[in-house]
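Engineer: Chains as they are written, first to last, in the numbering used here: chain A, 9 to 278; chain B, 391 to 823; chain C, 18 to 399; chain D, 34 to 314.
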Amino acid sequence: MAVVGIDLGSQNTKAVILEGDEILGGASLETGESAETEARMAVQEALRQTGLKREDLKAAVATGPLSVPVTKAVNIAALKQRSAASCIATGAYFRFPQARTVLYVGADSSMAIRLSGDGQVEDSVKNERCAVSSGALLDIVSRMLEIPVAEMGAMSLQATAPQTLSSRCVVFAEGEILSFIHKNPPVPVPDVLAGVNQCIADGLWGMVQRMGVPSELLICGGVARNVGIVKAIEAHLGKPALVPKQPQYVRALGAAVFARQMEREGRASC
Amino acid sequence: MSNDKMLSIDEILAGLKKATEGVKKQPGLMKSIVGYLDVVSTYVERIATAKEEGKWVASHGTQQPLEILEAMDVRGVFNEFWGVVSDIVRLESVPEAMSVSASTGTPGEVCSFFRNMDGLMHAGKWPRSDFFLYATSCCDNVKAFHTLGRRYGIPSFGLERSYFPYTDHAMEHWKNEYKRLIVFLEEQTGKKLDYDRLKEVVARSYRLTELHLEIDKLVSHVPCPLSPECFSGTLVAIRLLPGTQKGIDFLTGLRDELKERIDKGVSAVKDERFRVMWTSFTPFFDPTLMGFMQQKYGAVSVCDMLSHWRGDAKWMLDPDDPLGNLAYRTVLAPGNCQYSSGVDVAANLSDKARRFKVDGAIFNNNFGCKTGAAYGPIIKDELMCEVSVPTLTLNCDVLDHTFVSRAEIESQMDSFFEMLETSKAYKERRNLQ
Amino acid sequence: MNTPLKALDEMIRLTSPFPESVSVKDWKATGRKVIGWFNPYIPEEIIHAAGMLPFEVTGNNEPVEMQGAEAHMHSNCCSKIRTCWQMQLDGKYKFLDGLVSCSMCDQDMRLFEVWAYYKKLPYMDSLYAPRKRDEVAIKLYLADLEDFRSRLSQYLICRIPDEHIANSIQVYNRGRELMHQLYELRKRDRPPVAGAEALEVSKAAARLPRERFNELLEQLLDEIQRSGREIKKAKRLMIIGSDLHNANQMAALETLDAVVVVDEMDIGIRRAWGQVDTQLPPMEALARYYVMGRPVDKHTWNSDGRLEFIGDMAEQYKVDGILSEIVRFCTYDGWDKFDLKKQMEQRGIPILEIDLEYGHPAGAQVKIRAEAFMEMLESRAS
Amino acid sequence: MLTMGIDIGSRSSKCVVLEDGKLLTYGTIETGPNILKTSQAVVDAAVQRRTGLWGEYRMPLPDVKVDHLTIGDMACIVSTGYGRAVVPFAHRSITEISCHCRGAQWFVPGVSSILDVGGQDTKGIRVGANGEVADFAMNDKCAGGTGRFMEIVADVLHVPLSEIGPLSLQSTKTLPFSTTCAAFGRGAAVAMRKEGERKEDILSGLHEAIAKRVLALVKKVGLADKFVITGGIGRNVGLVSKIEERVDGLKVTLPQEPMIVGALGAALFALDTAQKQARAN
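1. If we define contact as Cβ-Cβ less than 8 angstroms, is C:Ser92 a contact residue for chain A?
2. Determine the direct distance from the alpha carbon of B:Phe471 to that of D:Lys253, and round the result to whole angstroms.
3. Between B:Val794 and chain D, is there a C-beta pair that is closer than 8 angstroms?
4. Return the CA-CA distance between A:Phe180 and D:Gln153, expressed in angstroms with no decimal places.
5. Any residues in the stretch 90 to 111 of chain A with a beta carbon nearer than 8 angstroms to a beta carbon of chain B? Which ones, in chain order?
6. Would you please verify whether the beta carbon of A:Cys228 is less than 8 angstroms from any beta carbon of chain C?
7. Is D:Lys156 helix, strand or coil when you go by DSSP?
8. Mind checking if D:Lys245 is an interface residue toward chain B, Cβ cutoff 8 angstroms exclusive?
9. List the residues of chain B that C:Tyr349 touches, going by C-beta distances under 7 angstroms, in chain order.
10. Relative to the C-alpha of B:Met695, which residue among B:Phe682, B:Ser795 and B:Gly762 is closest?
11. For A:Pro222 and chain B, any beta-carbon pair shorter than 8 angstroms?
12. Measure how close the beta-carbons of B:Val413 and B:Gly637 come, nearest whole angstrom, since I'm counting them as under 8 angstroms.
13. Going by DSSP, what residue range makes up the beta strand (DSSP E) through B:His450?
14. Go ahead and pull the three-state DSSP assignment for C:Ile248.
15. What would DSSP say about A:Lys134, mapped onto helix, strand or coil?
16. In terms of residues, what are the limits of the alpha helix (DSSP H) holding A:Gly203?
17. Give the residues of chain A in contact with C:Gln84, contact being defined as C-beta atoms less than 7 angstroms apart.
18. Quick one: what's got a C-beta closer than 7 angstroms to D:Ile100's C-beta in the same chain, skipping five residues either side?
19. Compare the Cα-Cα distances from B:Asn393 to each of B:Ala461, B:Arg651 and B:Gly509 and report the closest residue.
20. Is it a yes or a no for the stretch 287 to 306 of chain D touching the stretch 35 to 55 of chain D, going by three-plus beta-carbon pairs under 8 angstroms?
21. Express the C-alpha separation of B:Lys660 and A:Leu87 in angstroms, rounding to a whole number.
22. Chain C partners of D:Thr317, CB-CB under 7 angstroms?
23. In chain C, which residues lie less than 9 angstroms from D:Phe169 when you measure between Cβ atoms?
24. Helix or strand or just coil, what does DSSP make of B:Tyr524?
25. For A:Arg137, return the contacting residues in chain B, with the cut-off set at a CB-CB distance below 8 angstroms.
26. Quick check on the burial criterion: 16 or more other C-beta atoms within 10 angstroms. Buried or exposed for A:Leu175?
27. What span of residues does the beta strand (DSSP E) with D:Gly317 cover, start to end?
28. For C:Pro226, return the contacting residues in chain A, with the cut-off set at a CB-CB distance below 8 angstroms.
29. Express the C-alpha separation of D:Ser204 and D:Ile197 in angstroms, rounding to a whole number.
30. Excluding five sequence neighbours on each side, which residues of the same chain lie with their C-beta closer than 6 angstroms to the C-beta of A:Met163?
31. Counting only the same chain and skipping the five closest in sequence on each side, list residues whose C-beta sits under 8 angstroms from that of A:Leu165.
32. Please name the residue, chosen from B:Ile572, B:Phe521 and B:Ala525, that lies closest to B:Gly539 on a Cα-to-Cα basis.
33. Where do the ends of the alpha helix (DSSP H) carrying B:Val666 lie?
34. Please confirm whether A:Gly127 and A:Pro156 have their CB atoms less than 8 angstroms apart.
35. Determine the contact status of D:Lys232 and D:Leu200, defining contact as a CB-CB distance below 8 angstroms.
36. Alpha carbon to alpha carbon, how far is B:Lys649 from B:Ile605?
Okay, structure coming up:
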């Protein structure tokens, strides 16, 4: 029985189709005007990959940083809304049951979650104001330095003398970076990027610590693809962290797992 | 003209009158809401009419012995309440006042209660005050009273309370401060304090305390009989009109209605799923939030830190020593619990959580409140290990509704209440499975 | 540009690396205790009289990256206490045997609580300092001081006698006297020391055994006399506002054509002003000095005196402009801003307000303001 | 005598050439990652009379050939703005504060208060009796009221910066908007969109919030007639109208070309220096 999980992120909308324990397909497309449309398109794309039809989807769960109803989008009778935290936790636990702390880093917001042994959320904290601890800064820097976000992580690892950003404010951090590249001679790009990643990682580490010192830390969300940030967090952690192959799908996967549960509990039929 | 957005006292009065008419028509509310709004309107009206009635007006902060003011025909304007009532009447007023405050150079990072006052005074919309009264410990913002007093030529008097108020010399000093306050008031008003009248006021104030404690017991009943519209009823009576018959009548009515509701099995919400404690202030910045939480999550607000009485609140030690009683009262009284060490506040709240059978706590981390910002985590950790009550920390501004969007709050509450439901402690508390 | 000051270099050597410095290590090596404090209303004399080293808990010349401090205090706390707490988390303050704070500044008190809750030290104490300046306040404060002395005595298992305190008062008075002399020298048209150097001196006062500090300061003054050292800059500045321990940041400002000749900081001028009355019983004398003996500070409710003091100093030191550096979220400085600006304008002294995070360097944000301010002073002059 | 002013801002760069204090030509481009290239490019833009940013020219320019001009022809060049320190061929660098003050008076004689909303810094300036900077204030340690903040929001709404102004004027209700944090502001905008709020209303809320903040800054130093808004933001009719609502009947004066006020001020300072030198020898 196939089910779908939909994640309405602030930058990308993702859909993951799950059957049993197998992920059949996953799609992600940029968030634009209407949550409804994107949800529909994402599901369609995912269906296309699996060769399934809309009717084959027996249940759906939608989630995201904002609880926006998308019932119209995917006309599946059994559609529920689950909170971001639960879906991240469930998605993480599904593949990495050993994870005890989950750090989710999205475009605008990030979240640290402590899990119980059976994958339940024990505590969670969201990023604070005036603290660079989300992907926001990465986009800005990427546009400023004309470097694709995808390459920023790898590039930062070539840093020889990483710069320290003193400001925790996204805009002022940008200002500081400007003053680096406007120096004469300009600071090498990798050193700037290393500083950016370090700054974000420090902000995130503060959140992780609120959940207590983690035994096993899983990092997910789109920004987890930035190896520079992951490395910087691992430096704090003192050991490798768990990172899924496609970290950006964890929340959608969690939603799918909830959908599967619904479907199994037979709620889908009624 | 942007200044028009800022509320004058007359507009507040009008707004409250309108609200009173509104609730009379609105079905499903507690009867006491009328009395509630009456207490609030009376309070504001007393300030508006003070001058023509030959009374004085004192703008003041927390920890004031309002009974002394009452006995000396001095009517208080509690600066924090003024921000709260502004939000009830018109949400746009406070942000406007605070931008005026910013234009005077006051940083946007000090307490909004005071920035609101700062802005309204600058725009000439603060209630005309004869003098300012303020007190410590903890909150450093009270310095604003002296600062603004200096700026607008309003005499001010500050009461100094030891950080640890229970030592003999601290209590002695605190009581002595009240004596100095009386001297100050007598100089300002040219009237002598009538101690017999003070005793009567104090006696009525103590009656209010007793009623408050009765009401607390009723509210701790499961399911909770108290609806959001009357949530701050006790606080309003105790903090605005202590020692007045009006206050007593209102709380008596509230108590009786709660009894009645319990007997009839009426509760705040049909399906009470969560009992919530506010571990700093309640969400003044969004007056509709509590009602919303009930509807969406079945989460009922049962208690908060602001209306907390320390210990057993038996402060009437010696009926013939009103000052001694009051000195003791103000350190026990609601609204003063937070002026203490985080560990002490956490202990008080843990005890409260037990008594009110709380499932979850919400800590409003007011951007401008340094005290809260620094002891929020201690309270959170204590509640978890003492009574296994988890806390949701909301970063917000105590008065400014624009600071954090409802969508933001909702998404955090979604996560929080889903988490609560699956937590072991919750299941045990509700003996589920 | 200028002859180095040997005594100052020695102070810096002894107080480095910060905080567990050469002198702290030497002190601990002899089995003696170090008591940390972080509020100007804690009388170092009493700790000194107990044979312990009073050490001011602060940040220093480098910004401290927040890496978990926000787990115990939210990021809307003053960045000074977050910095100190982060340093504790980083193990920088493990040499402390005890900690004393004061509720005069709520943030200082909260730092103390967080410390007591998450990392208890053998001796932890706090006292209340009054926000008023009168006889009643002195009485209240004196009572707290006596309690403090008793608790410290219990910790020592030996009563701290009045004579010891009297002796410590002598030592600290001498230190104040010497620091005051240095401030006097900075009144010269060409001051002998830069603001950054003077800041290092007053920081050392709260980090070194006071006797040693006094010796070095005597040397320093002597060196200045003999070397005829002088600093030639176009503009004279005054720094006021929050306690900033970052001398690099001040040095960066002094790379402009200006020198800082005076300040209004608890860690600066207030350490150098006034004397504890040696005729009175020592404890009472201390209470009097700490409540009323120093220039009015921002913590006092009635800060009229503070604003007046700032104006008077600005005039006595013939400053061209005032830099008001305020650590973000500081309530006390926040509420003085408006009247401060107004009163200084009445005196015709331009004032530049800079908001910053504690310990952070003078980045582009600060530089541009300072440079524009200098241009403004320039155009006023011409 | 030719003098040049170059304003390397955090977002855009401008270059102005004066002939004996009269505007000869100017150009504007976006600030690129490499400041040296940018300063060259903006000079080219000026001599080619290109304004990359806000489209068509606003200022009438003398009808003479200028594309042959080089920096070598300049008697003096003054740089200002974020990158002022690294313009290789500048003889002097002066801060934006002084330059905006000077430039504003060229456009609007008798100006007394200036608001400049830059990418990183927002400035309020009070002009003294003799045209000197009498007082100034810049945004405190929060970026809420900066042009960059506005861009970040415009960006998530997929509206080009040049269009947010006109669009916001079509708003029917002003949504509450917080300026306390760029990342949160961005999130809030996305949230409102997802809840089906109209871009117009979101932008109107944004402009309202920013107007409050930036005006507080000017009022701090003293708001009086004539009040001038400089910088690219002067082209944002949405923000300007919100500001006008809040200046108690005062009229907002816009320079013909708000973008180049800083660069023009720099060019005027360059003229002073050049003339001094001329007199010297």
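Ideal Cβ positions, reconstructed from N, Cα and C, are used throughout, including at glycine.
All of these numbers come straight from a predicted model, not from anything done at the bench.
Structural biologist: In short, the structure shows the following:
1. Taking Cβ atoms only, chain A reaches closer than 8 angstroms to C:Ser92, which makes this a yes.
2. Using only the alpha carbons, I get a separation of about 28 angstroms.
3. Judged by the 8 angstroms Cβ criterion, B:Val794 is in contact with chain D.
4. Using only the alpha carbons, I get a separation of about 7 angstroms.
5. Along the stretch 90 to 111 of chain A, going in chain order, the ones with a CB nearer than 8 angstroms to a CB of chain B are Arg90, Ser91, Ala92, Ala93 and Ser94.
6. Not closer than 8 angstroms to any Cβ of chain C, the Cβ of A:Cys228 fails to qualify, so no.
7. Assigned with DSSP and collapsed to three states, D:Lys156 falls in strand.
8. Interface criterion met: the Cβ of D:Lys245 is under 8 angstroms from a Cβ in chain B.
9. Ordered by position in chain B, the residues that pass the 7 angstroms Cβ test against C:Tyr349 are Asp530 and Lys533.
10. The option with the nearest alpha carbon to B:Met695 is B:Gly762.
11. At least 8 angstroms separates the CB of A:Pro222 from every CB of chain B.
12. Contact doesn't hold; Cβ gap of about 19 angstroms is too wide.
13. Annotation for B:His450: the continuous beta strand (DSSP E) segment containing it runs Trp446 to His450.
14. Here DSSP, grouped into helix, strand and coil, assigns C:Ile248 to coil.
15. In the displayed model, A:Lys134 falls within a strand according to three-state DSSP.
16. Segment Val197 to Arg218, the alpha helix (DSSP H) holding A:Gly203.
17. Proximity of chain A to C:Gln84 at the Cβ level (cut-off 7 angstroms) is accounted for by Asp210, Trp213, Gly214 and His244, in chain order.
18. Going by the sequence as given, residue 100 of chain D is Asp instead of Ile. Its chain contains Val80 and Gln81 as the residues whose beta carbon lies nearer than 7 angstroms to that of D:Asp100, once the 5 sequence neighbours on both sides are disregarded; these appear in chain order.
19. Nearest C-alpha to B:Asn393: B:Gly509.
20. Touching, yes.
21. Cα-Cα distance, rounded: 25 angstroms.
22. Past the boundaries of the shown model lies residue 317 of chain D; chain D is included only from 34 to 314, so the question cannot be answered.
23. Ordered by position in chain C, the residues that pass the 9 angstroms Cβ test against D:Phe169 are Leu369, Arg386, Ala389, Phe390 and Met393.
24. Strand at B:Tyr524.
25. The answer, in chain order, is Phe757 and Asn785.
26. According to the sequence displayed, residue 175 of chain A carries Ser and not Leu. Burial state of A:Ser175 is buried, judged by a 10 Å Cβ sphere holding 16 or more other Cβ atoms.
27. Missing from the structure shown is residue 317 of chain D; chain D here goes from 34 to 314 and no further.
28. Under the 8 angstroms cutoff, chain A gives no residues; its nearest Cβ is about 33 angstroms from C:Pro226.
29. The alpha-carbon atoms of D:Ile197 and D:Ser204 are separated by roughly 11 angstroms.
30. Beyond the five residues adjoining it in sequence on each side, A:Met163 comes within less than 6 angstroms, by CB distance, of Pro198 and Leu201 in the same chain, given in chain order.
31. So the qualifying residues of the chain are Pro198, Ala202, Val235, Gly236 and Lys239.
32. It is B:Phe521 whose Cα lies nearest to the Cα of B:Gly539.
33. Boundaries for B:Val666: no alpha helix (DSSP H) harbours it, while the beta strand (DSSP E) harbouring it runs Phe664 to Trp668, taken from the DSSP string.
34. Cβ distance not < 8 angstroms, so A:Gly127 and A:Pro156 don't count as in contact.
35. Between D:Lys232 and D:Leu200, the C-beta gap is smaller than 8 angstroms, which places the two residues in contact.
36. Straight across, the Cα-Cα distance linking B:Lys649 with B:Ile605 is about 9 angstroms.
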